[in-house]
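J.: First residue of the sequence shown? That's 861 in the working numbering, and the numbers climb one at a time after it.
Even glycine gets a Cβ: it sits at the ideal position worked out from N, Cα and C.
Just so we're clear, the structure is a prediction, and the values are computed from it rather than from any experiment.
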Amino acid sequence: MNAFVQGTLTFLAILAVIYAATVLLYFALGYGITWLNDRNPERRIQKERRGEKRKAIEIRQSMASILVTCTSVAIGLFVQYQGWTLFAPWDFSWWTAVPLFLLCMVLFDAWFYFAHRLLHTKLFYKYHLLHHRSVAPTVWSNDSIGLVDTALSQGYYAVITFVVPFPPLILLAHRLFDQINGTFGHAGFEYFASPTARYPWPLLCTTYHDQHHAEFKYNYANYFSFWDRVLGTISPVYDRRVEVFEGEAPAISLKRPSQSAQAQEASATSDR
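See the structure below:
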(Lines of atoms letter the chains of each structure in order from A and count residues from 1; the text may use other names and numbers.)
(Lines give C-alpha, C1' and ligand atoms only; values in the text may rest on other atoms or scores of the structure.)
Protein backbone atom coordinates (compact mmCIF):
# COMPACT_ATOMS: atom_id res chain seq x y z
CA MET A 1 0.00 0.00 0.00
CA ASN A 2 2.83 2.40 0.80
CA ALA A 3 4.31 1.86 -2.66
CA PHE A 4 0.92 2.51 -4.24
CA VAL A 5 0.42 5.72 -2.26
CA GLN A 6 3.93 6.89 -3.02
CA GLY A 7 3.45 6.17 -6.72
CA THR A 8 0.13 8.00 -6.77
CA LEU A 9 1.62 11.05 -5.06
CA THR A 10 4.55 11.05 -7.47
CA PHE A 11 2.22 10.91 -10.47
CA LEU A 12 0.02 13.70 -9.10
CA ALA A 13 3.06 15.87 -8.41
CA ILE A 14 4.30 15.41 -11.99
CA LEU A 15 0.83 16.20 -13.32
CA ALA A 16 0.43 19.29 -11.13
CA VAL A 17 3.74 20.80 -12.22
CA ILE A 18 3.12 20.15 -15.92
CA TYR A 19 -0.45 21.45 -15.73
CA ALA A 20 0.51 24.65 -13.90
CA ALA A 21 3.33 25.36 -16.36
CA THR A 22 1.09 24.72 -19.36
CA VAL A 23 -1.71 26.96 -18.10
CA LEU A 24 0.80 29.72 -17.42
CA LEU A 25 2.20 29.32 -20.93
CA TYR A 26 -1.33 29.27 -22.41
CA PHE A 27 -2.12 32.71 -20.98
CA ALA A 28 1.34 34.15 -21.63
CA LEU A 29 1.18 33.15 -25.29
CA GLY A 30 -2.46 34.15 -25.59
CA TYR A 31 -1.98 37.70 -24.35
CA GLY A 32 1.45 38.08 -25.98
CA ILE A 33 0.29 37.06 -29.44
CA THR A 34 -2.92 39.09 -29.06
CA TRP A 35 -0.73 42.13 -28.33
CA LEU A 36 1.14 41.45 -31.57
CA ASN A 37 -2.06 40.82 -33.55
CA ASP A 38 -3.55 44.12 -32.40
CA ARG A 39 -0.59 45.90 -34.00
CA ASN A 40 -0.78 43.98 -37.27
CA PRO A 41 -4.45 43.92 -38.36
CA GLU A 42 -3.51 43.57 -42.04
CA ARG A 43 -2.06 40.15 -41.29
CA ARG A 44 -5.45 38.66 -40.34
CA ILE A 45 -6.02 35.58 -42.49
CA GLN A 46 -9.82 35.42 -42.57
CA LYS A 47 -10.67 39.04 -43.30
CA GLU A 48 -14.44 38.66 -43.01
CA ARG A 49 -14.65 36.57 -39.85
CA ARG A 50 -13.94 37.16 -36.19
CA GLY A 51 -13.45 34.47 -33.56
CA GLU A 52 -12.62 36.70 -30.60
CA LYS A 53 -16.17 36.64 -29.26
CA ARG A 54 -15.63 32.99 -28.28
CA LYS A 55 -12.72 33.83 -25.99
CA ALA A 56 -14.45 33.09 -22.64
CA ILE A 57 -15.90 29.80 -23.89
CA GLU A 58 -12.59 28.71 -25.33
CA ILE A 59 -10.63 29.53 -22.19
CA ARG A 60 -13.00 27.51 -20.00
CA GLN A 61 -12.84 24.50 -22.31
CA SER A 62 -9.07 24.82 -22.61
CA MET A 63 -8.58 24.45 -18.87
CA ALA A 64 -10.20 21.00 -19.07
CA SER A 65 -8.51 19.83 -22.27
CA ILE A 66 -5.09 21.00 -21.08
CA LEU A 67 -5.57 18.74 -18.06
CA VAL A 68 -6.12 15.78 -20.42
CA THR A 69 -3.01 16.67 -22.43
CA CYS A 70 -0.92 17.06 -19.29
CA THR A 71 -2.23 13.75 -17.95
CA SER A 72 -0.97 12.08 -21.12
CA VAL A 73 2.46 13.66 -20.64
CA ALA A 74 2.50 12.73 -16.95
CA ILE A 75 1.67 9.11 -17.81
CA GLY A 76 4.53 8.96 -20.31
CA LEU A 77 7.02 10.34 -17.79
CA PHE A 78 5.67 8.29 -14.89
CA VAL A 79 5.88 4.91 -16.65
CA GLN A 80 9.48 5.70 -17.54
CA TYR A 81 10.20 6.65 -13.94
CA GLN A 82 8.66 3.39 -12.75
CA GLY A 83 10.58 1.32 -15.28
CA TRP A 84 7.45 -0.04 -16.94
CA THR A 85 8.56 0.69 -20.51
CA LEU A 86 10.20 -1.75 -22.90
CA PHE A 87 13.49 0.16 -22.77
CA ALA A 88 15.13 2.54 -20.33
CA PRO A 89 15.24 6.14 -21.60
CA TRP A 90 18.21 7.03 -23.74
CA ASP A 91 20.79 9.16 -21.99
CA PHE A 92 20.35 12.81 -22.81
CA SER A 93 23.26 14.64 -24.42
CA TRP A 94 23.57 17.83 -26.42
CA TRP A 95 24.94 15.77 -29.32
CA THR A 96 21.74 13.74 -29.62
CA ALA A 97 19.21 16.37 -28.51
CA VAL A 98 18.47 17.77 -31.98
CA PRO A 99 18.03 14.44 -33.84
CA LEU A 100 15.92 13.02 -31.01
CA PHE A 101 13.77 16.13 -30.92
CA LEU A 102 13.25 15.94 -34.68
CA LEU A 103 12.37 12.25 -34.42
CA CYS A 104 9.85 13.08 -31.72
CA MET A 105 8.33 15.74 -34.01
CA VAL A 106 8.12 13.38 -36.98
CA LEU A 107 6.46 10.62 -34.96
CA PHE A 108 4.05 13.06 -33.31
CA ASP A 109 3.13 14.54 -36.68
CA ALA A 110 2.25 11.09 -38.02
CA TRP A 111 0.23 10.29 -34.87
CA PHE A 112 -1.58 13.63 -35.05
CA TYR A 113 -2.36 13.34 -38.77
CA PHE A 114 -4.01 9.92 -38.55
CA ALA A 115 -5.78 10.71 -35.26
CA HIS A 116 -7.07 13.91 -36.84
CA ARG A 117 -8.29 12.05 -39.92
CA LEU A 118 -10.07 9.60 -37.62
CA LEU A 119 -11.75 12.49 -35.80
CA HIS A 120 -13.14 13.71 -39.12
CA THR A 121 -14.90 10.41 -39.83
CA LYS A 122 -18.65 10.14 -39.31
CA LEU A 123 -18.20 7.97 -36.22
CA PHE A 124 -15.82 10.30 -34.38
CA TYR A 125 -16.60 13.80 -35.64
CA LYS A 126 -19.04 14.42 -32.79
CA TYR A 127 -16.00 14.48 -30.48
CA HIS A 128 -14.18 16.95 -32.74
CA LEU A 129 -17.10 19.27 -33.45
CA LEU A 130 -16.42 21.49 -30.45
CA HIS A 131 -13.02 22.50 -31.82
CA HIS A 132 -14.50 23.36 -35.21
CA ARG A 133 -16.98 25.77 -33.73
CA SER A 134 -14.01 28.12 -33.92
CA VAL A 135 -14.34 28.68 -37.66
CA ALA A 136 -11.96 31.62 -37.40
CA PRO A 137 -9.45 30.33 -34.83
CA THR A 138 -7.79 32.54 -32.25
CA VAL A 139 -4.93 32.08 -29.81
CA TRP A 140 -7.48 30.90 -27.24
CA SER A 141 -8.85 28.09 -29.42
CA ASN A 142 -5.72 25.94 -29.68
CA ASP A 143 -6.75 23.93 -26.59
CA SER A 144 -10.50 24.43 -26.90
CA ILE A 145 -11.05 20.78 -27.70
CA GLY A 146 -13.37 18.03 -26.49
CA LEU A 147 -11.91 15.64 -23.95
CA VAL A 148 -12.17 12.51 -26.14
CA ASP A 149 -10.71 14.50 -29.01
CA THR A 150 -7.81 15.61 -26.81
CA ALA A 151 -7.16 12.09 -25.56
CA LEU A 152 -6.91 10.81 -29.13
CA SER A 153 -4.75 13.59 -30.54
CA GLN A 154 -2.52 14.03 -27.48
CA GLY A 155 -2.39 10.41 -26.35
CA TYR A 156 0.96 10.18 -28.11
CA TYR A 157 2.83 11.09 -24.93
CA ALA A 158 1.20 8.30 -22.92
CA VAL A 159 2.03 5.70 -25.57
CA ILE A 160 5.33 6.66 -27.16
CA THR A 161 7.54 6.07 -24.11
CA PHE A 162 6.50 2.42 -24.02
CA VAL A 163 8.17 1.81 -27.38
CA VAL A 164 10.61 4.68 -28.05
CA PRO A 165 12.92 5.54 -25.12
CA PHE A 166 12.96 9.31 -25.48
CA PRO A 167 14.71 11.09 -22.61
CA PRO A 168 12.22 12.98 -20.42
CA LEU A 169 13.79 16.31 -21.42
CA ILE A 170 13.01 15.60 -25.07
CA LEU A 171 9.37 14.88 -24.29
CA LEU A 172 9.05 18.03 -22.20
CA ALA A 173 10.81 20.14 -24.82
CA HIS A 174 8.49 18.76 -27.47
CA ARG A 175 5.42 19.52 -25.35
CA LEU A 176 6.66 23.08 -24.88
CA PHE A 177 7.26 23.44 -28.61
CA ASP A 178 3.87 21.94 -29.47
CA GLN A 179 2.06 24.39 -27.21
CA ILE A 180 3.85 27.36 -28.82
CA ASN A 181 3.41 25.98 -32.34
CA GLY A 182 -0.27 25.22 -31.79
CA THR A 183 -1.01 28.66 -30.39
CA PHE A 184 0.60 30.40 -33.35
CA GLY A 185 -1.16 27.91 -35.63
CA HIS A 186 -4.50 29.10 -34.26
CA ALA A 187 -3.56 32.78 -34.02
CA GLY A 188 -5.62 33.79 -37.05
CA PHE A 189 -2.78 36.08 -38.19
CA GLU A 190 0.06 35.12 -40.50
CA TYR A 191 3.66 35.80 -39.45
CA PHE A 192 5.49 32.84 -41.00
CA ALA A 193 4.59 32.85 -44.71
CA SER A 194 7.78 32.17 -46.64
CA PRO A 195 9.09 29.92 -49.43
CA THR A 196 9.96 27.27 -46.82
CA ALA A 197 6.25 27.07 -45.83
CA ARG A 198 5.17 25.85 -49.26
CA TYR A 199 6.10 23.28 -51.90
CA PRO A 200 8.64 21.73 -52.22
CA TRP A 201 9.46 22.40 -48.56
CA PRO A 202 7.56 20.36 -45.94
CA LEU A 203 7.24 23.15 -43.37
CA LEU A 204 4.02 25.00 -42.57
CA CYS A 205 2.77 28.44 -41.59
CA THR A 206 -0.37 29.61 -39.76
CA THR A 207 -2.42 29.67 -42.97
CA TYR A 208 -2.18 25.87 -43.10
CA HIS A 209 -4.28 25.11 -40.03
CA ASP A 210 -6.39 28.24 -40.48
CA GLN A 211 -7.54 26.78 -43.80
CA HIS A 212 -8.45 23.57 -42.01
CA HIS A 213 -10.82 25.49 -39.72
CA ALA A 214 -12.29 27.47 -42.59
CA GLU A 215 -12.68 24.59 -45.07
CA PHE A 216 -12.83 21.51 -42.76
CA LYS A 217 -11.62 18.88 -45.22
CA TYR A 218 -7.99 19.79 -45.85
CA ASN A 219 -4.67 20.19 -44.01
CA TYR A 220 -4.83 17.66 -41.18
CA ALA A 221 -1.14 17.61 -40.25
CA ASN A 222 0.54 19.55 -37.47
CA TYR A 223 4.17 20.30 -38.35
CA PHE A 224 4.83 19.06 -41.87
CA SER A 225 2.83 18.85 -45.08
CA PHE A 226 4.21 15.39 -45.93
CA TRP A 227 1.20 13.25 -45.04
CA ASP A 228 -1.31 15.66 -46.55
CA ARG A 229 0.63 15.85 -49.80
CA VAL A 230 1.17 12.10 -50.07
CA LEU A 231 -2.44 11.21 -49.23
CA GLY A 232 -4.06 14.04 -51.20
CA THR A 233 -5.58 15.98 -48.31
CA ILE A 234 -3.72 19.27 -48.71
CA SER A 235 -5.77 22.28 -49.77
CA PRO A 236 -5.30 22.81 -53.52
CA VAL A 237 -4.92 26.56 -52.94
CA TYR A 238 -2.61 26.44 -49.91
CA ASP A 239 0.72 26.97 -51.69
CA ARG A 240 -0.68 29.78 -53.80
CA ARG A 241 -2.19 31.54 -50.78
CA VAL A 242 1.14 31.44 -48.97
CA GLU A 243 2.92 32.82 -52.02
CA VAL A 244 0.40 35.65 -52.34
CA PHE A 245 0.71 36.48 -48.66
CA GLU A 246 4.48 36.66 -48.99
CA GLY A 247 4.10 39.40 -51.56
CA GLU A 248 1.26 41.33 -49.94
CA ALA A 249 1.93 41.22 -46.21
CA PRO A 250 3.25 44.45 -44.72
CA ALA A 251 6.25 44.52 -42.41
CA ILE A 252 5.55 43.39 -38.86
CA SER A 253 4.74 46.40 -36.68
CA LEU A 254 5.11 46.84 -32.92
CA LYS A 255 3.03 50.03 -32.89
CA ARG A 256 -0.72 50.32 -32.64
CA PRO A 257 -2.47 51.11 -35.93
CA SER A 258 -4.25 54.41 -36.51
CA GLN A 259 -7.81 54.89 -35.27
CA SER A 260 -9.15 54.64 -38.80
CA ALA A 261 -7.45 51.28 -39.30
CA GLN A 262 -8.82 50.06 -35.96
CA ALA A 263 -12.34 51.17 -36.94
CA GLN A 264 -12.08 49.35 -40.25
CA GLU A 265 -10.91 46.20 -38.49
CA ALA A 266 -13.74 46.36 -35.93
CA SER A 267 -16.40 46.79 -38.62
CA ALA A 268 -15.65 43.46 -40.29
CA THR A 269 -18.17 40.64 -40.17
CA SER A 270 -18.40 38.59 -36.96
CA ASP A 271 -17.38 34.92 -36.84
CA ARG A 272 -20.19 32.48 -37.61
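Give me whichever residues DSSP pairs with L1063 in a beta bridge.
T.: Position 203 of the sequence shown, counted from the first residue, corresponds to residue 1063. Answer by DSSP bridge pairing, in chain order: F1084.
J.: In whole angstroms, what separates the C-alpha of E1075 from that of P959?
T.: Taking the first residue of the sequence shown as position 1, residue 1075 is located at position 215. Taking the first residue of the sequence shown as position 1, residue 959 is located at position 99. In a straight line, the C-alpha of E1075 is about 34 Å away from that of P959.
J.: Quick one: grab the DSSP three-state call for R903.
T.: Within the sequence shown, residue 903 is the residue found at index 43, counting from 1. Residue state, collapsed to three classes: helix.
J.: Among residues of its own chain, excluding the 5 on either side of T1010, which ones have a beta-carbon nearer than 7 Å to its beta-carbon?
T.: Looking up residue 1010 in the sequence shown gives position 150. Closer than 7 Å at Cβ, skipping near neighbours: S925, V928 and T929.
J.: Could you check the C-alpha separation between F968 and K982 for me, to the nearest Å?
T.: Looking up residue 968 in the sequence shown gives position 108. Looking up residue 982 in the sequence shown gives position 122. So the two alpha carbons sit approximately 24 Å from each other.
J.: Count the CB pairs spanning the stretch 863-882 and the stretch 1061-1068 that are closer than 8 Å, and state whether there are at least three.
T.: Counting Cβ pairs under 8 Å, fewer than three are found: no touch.
J.: Taking the C-alpha atoms as reference points, what is the distance between R1058 and E1106?
T.: Residue 1058 sits at position 198 when you count from the first residue of the sequence shown. Residue 1106 sits at position 246 when you count from the first residue of the sequence shown. So the two alpha carbons sit approximately 11 Å from each other.
J.: With DSSP collapsed to three states, give me the class of F864.
T.: By one-based count along the sequence shown, residue 864 stands at place 4. In this structure, F864 counts as helix in the three-state DSSP scheme.
J.: Please check the pair T894 and V999, which I expect to be a contact at CB under 8 Å, by giving their CB distance rounded to whole angstroms.
T.: Taking the sequence shown and counting its residues from 1, the one referred to as residue 894 is at position 34. Taking the sequence shown and counting its residues from 1, the one referred to as residue 999 is at position 139. About 6 Å; that satisfies the 8 Å criterion.
J.: Using a threshold of 9 Å, state whether the C-beta atoms of E918 and S1001 are closer than that.
T.: Within the sequence shown, numbered from 1, the residue matching residue 918 stands at position 58. Within the sequence shown, numbered from 1, the residue matching residue 1001 stands at position 141. It is a contact, given that the beta carbons lie within the stated cut-off.
J.: E1108 to V1008, Cα distance in whole Å?
T.: For the purposes of this step, residue 1108 is identified with residue 248 of the sequence shown, where counting begins at 1. For the purposes of this step, residue 1008 is identified with residue 148 of the sequence shown, where counting begins at 1. C-alpha separation (whole angstroms): 40 Å.
J.: Put S1118 into one of helix, strand or coil per three-state DSSP.
T.: Residue 1118 sits at position 258 when you count from the first residue of the sequence shown. Residue state, collapsed to three classes: coil.
J.: May I have the straight-line CA-CA distance separating Y886 from Q1039, to the nearest angstrom?
T.: Position 26 of the sequence shown, counted from the start, is the residue given in the question as residue 886. Position 179 of the sequence shown, counted from the start, is the residue given in the question as residue 1039. If you take the alpha carbons of Y886 and Q1039, they lie about 8 Å apart.
J.: Verify the contact flag: T1093, CB atom, against every heavy atom of the ligand SAH, threshold strictly below 8 Å.
T.: Annotation note on the ligand SAH: not contained in the displayed structure, which lists no ligands.
J.: So A996 packs on R910, CB below 8 Å; how close in whole Å?
T.: Start at 1 with the first residue of the sequence shown, and residue 996 comes out as number 136. Start at 1 with the first residue of the sequence shown, and residue 910 comes out as number 50. Right, the Cβ-Cβ distance comes to about 6 Å (below 8 Å), so this counts as a contact.
J.: I want to know whether the stretch 970-982 touches the stretch 929-949 - three or more CB-CB distances under 8 Å.
T.: No: the two stretches stay apart, fewer than three of their Cβ pairs being nearer than 8 Å.
J.: Does DSSP put F871 in a helix, a strand or coil?
T.: Here residue 871 refers to the residue found at position 11 of the sequence shown. Correct three-state label for F871: helix.
J.: Since T931 contacts L875 with CB under 8 Å, what's their CB separation in whole angstroms?
T.: Position 71 of the sequence shown, counting from 1, holds the residue named residue 931. Position 15 of the sequence shown, counting from 1, holds the residue named residue 875. About 6 Å; that satisfies the 8 Å criterion.
J.: Going by other Cβ atoms of all chains shown within 10 Å of its Cβ, with 16 needed for buried, is D1070 buried or exposed?
T.: Sequence index remark: in the sequence shown, residue 1070 carries index 210 (1-based). Counting Cβ neighbours within 10 Å, D1070 comes out buried, since at least 16 surround it.
J.: Helix, strand or coil, according to DSSP, for F1049 in the structure here?
T.: Indexing the sequence shown from 1 puts residue 1049 at position 189. The answer is strand: DSSP assigns F1049 an E or B state.
J.: L937 by DSSP, collapsed to three states: which one?
T.: Stepping through the sequence shown from its first residue, residue 937 is reached at position 77. Note: L937 maps to helix in three-state DSSP.
J.: Note down the Cα distance separating F1049 from Y891, rounded to an integer number of angstroms.
T.: Residue numbering aside, residue 1049 sits at position 189 when the sequence shown is read from its first letter. Residue numbering aside, residue 891 sits at position 31 when the sequence shown is read from its first letter. If I take the Cα positions, the gap works out to 14 Å.
J.: Starting from D1099, trace the alpha helix (DSSP H) both ways and give me its first and last residue.
T.: Taking the first residue of the sequence shown as 1, we reach residue 1099 at position 239. Note, D1099: alpha helix (DSSP H), Y1098 to E1108.
J.: Where do the N-terminal and C-terminal ends of the alpha helix (DSSP H) with P959 fall, by residue?
T.: Locating residue 959 in the sequence shown gives position 99, counting from the first residue. Run containing P959: A957 to L979, per the alpha helix (DSSP H) assignment.
J.: For P1025, which of helix, strand or coil comes out of DSSP?
T.: Working through the sequence shown from its first residue, we reach residue 1025 at position 165. P1025 falls in the coil class under three-state DSSP.
J.: Does DSSP put W1000 in a helix, a strand or coil?
T.: Translated into positions along the sequence shown, residue 1000 becomes position 140. Of the three classes helix, strand and coil, the one that applies to W1000 here is coil, per DSSP.
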